[in-house]
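Colleague: Handing you a structure now.
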């Protein structure tokens, strides 16, 4: 049971980070805003950003997206690893 919980935590945190990285790529490089994949990723990105989407205000909007959403992706990866490690330690 603990192995499944560790696996689930890692999958959820990595998928969240992947969505944020895709959002960064879609904002930095020109994309078609009418594309369904772009719309899907954009619909989740702000809620997955953990409130970090406006942490830093930079002059260039592309750098601002890269820094803020990149930081959120990094936090998801770190939190996922930490929670998975805690679950692994808590089980005999």
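Numbering (the working numbering), first residue to last: 30 to 121.
Glycine included, every Cβ here is placed at the ideal spot set by N, Cα and C.
#1: So what does DSSP say about residue 78, is it helix, strand or coil?
#2: Please state whether the Cβ-Cβ distance between residue 90 and residue 50 is less than 8 Å.
#3: Give every residue of the same chain whose Cβ lies closer than 7 Å to the Cβ of residue 30, excluding the five residues on either side of it in the sequence, and list them in chain order.
#4: Are there three or more Cβ pairs, one per stretch, closer than 8 Å when the segment 81 to 88 is compared with the segment 43 to 63?
#5: Rounded to a whole number of angstroms, what is the C-alpha to C-alpha distance between residue 69 and residue 115?
Modeller: Considering the structure as presented:
#1: Start at 1 with the first residue of the chain shown, and residue 78 comes out as number 49. Here DSSP, grouped into helix, strand and coil, assigns residue 78 to coil.
#2: Taking the first residue of the chain shown as position 1, residue 90 is located at position 61. Taking the first residue of the chain shown as position 1, residue 50 is located at position 21. Cβ distance not < 8 Å, so residue 90 and residue 50 don't count as in contact.
#3: Residue 30 sits at position 1 when you count from the first residue of the chain shown. Excluding positions up to five away in sequence, the list is empty.
#4: Touching, no, given that fewer than three Cβ pairs across the two stretches are closer than 8 Å.
#5: In the chain shown, the residue the question calls residue 69 occupies position 40. In the chain shown, the residue the question calls residue 115 occupies position 86. Spanning the two alpha carbons is a distance of roughly 32 Å.
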